[in-house]
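**Student:** Numbering (this note's numbering), first residue to last: 154 to 239.
All residues carry an ideal CB built from backbone N, CA and C; glycine is no exception.
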Amino acid sequence: MERAAAERLQPLRRRLELAGRSLNDSSPKAVMARGYARVSLANDPHGRSISDSSRLNENDEIRVEFARGTADARVAKLHNDSKKEG
């Protein structure tokens, strides 16, 4: 009886393990470890991410968060070319 229960649980454990891996692989830190970074305005108290350069102005101070560490920078020039999407 215990063996039958263990055999029934095995596929469920495997599914749970795979779901956990998938969740971990899509975490922000895992994505940044693949070379991506998160950008926010340096003075934003909420640290909201910026995903569109049209939200920035030249000379804005930004914070760039990498998988390990951060960097503060200033926007020198903006390139809002919507034709280069993708």
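Excluding the 5 residues flanking Ala183 on each side, which residues of the same chain have their C-beta closer than 7 Å to its C-beta?
**Tutor:** For the purposes of this step, residue 183 is taken as the residue at position 30 of the sequence shown. Asn177.
**Student:** Assuming Leu194 is part of the alpha helix (DSSP H), what are its boundary residues?
**Tutor:** One-based indexing of the sequence shown puts residue 194 at position 41. Counting along the chain, Leu194 falls outside any alpha helix (DSSP H), though it belongs to the beta strand (DSSP E) covering 191 to 194.
**Student:** Looking at Met185 and Ala220, is the spacing between their C-beta atoms short of 8 Å?
**Tutor:** Here the question's residue 220 lines up with position 67 in the sequence shown. Here the question's residue 185 lines up with position 32 in the sequence shown. Yes. Within cutoff.
**Student:** Is the CB-CB distance between Ile215 and Leu231 below 8 Å?
**Tutor:** By one-based count along the sequence shown, residue 215 stands at place 62. By one-based count along the sequence shown, residue 231 stands at place 78. Not closer than 8 Å, so no.
**Student:** When the Cα atoms are used, what is the spatial distance from Leu165 to Ser175?
**Tutor:** Position 12 of the sequence shown, counted from the first residue, corresponds to residue 165. Position 22 of the sequence shown, counted from the first residue, corresponds to residue 175. Each residue's Cα considered, the two are about 15 Å apart.
**Student:** Specify the secondary structure class of Glu214 as computed by DSSP and reduced to three states.
**Tutor:** As a working note, residue 214 is residue 61 in the sequence shown. It is a strand residue.
**Student:** According to the Cβ coordinates, are Arg187 and Ser202 closer than 8 Å?
**Tutor:** The residue you call residue 187 lines up with position 34 of the sequence shown. The residue you call residue 202 lines up with position 49 of the sequence shown. For Arg187 and Ser202, no; Cβs fall outside 8 Å.
**Student:** Apart from the five residues on each side of it in sequence, which residues of its chain come closer than 8 Å, Cβ to Cβ, to Gly200?
**Tutor:** Within the sequence shown, numbered from 1, the residue matching residue 200 stands at position 47. Result list for Gly200: Ser193, Arg216, in chain order.
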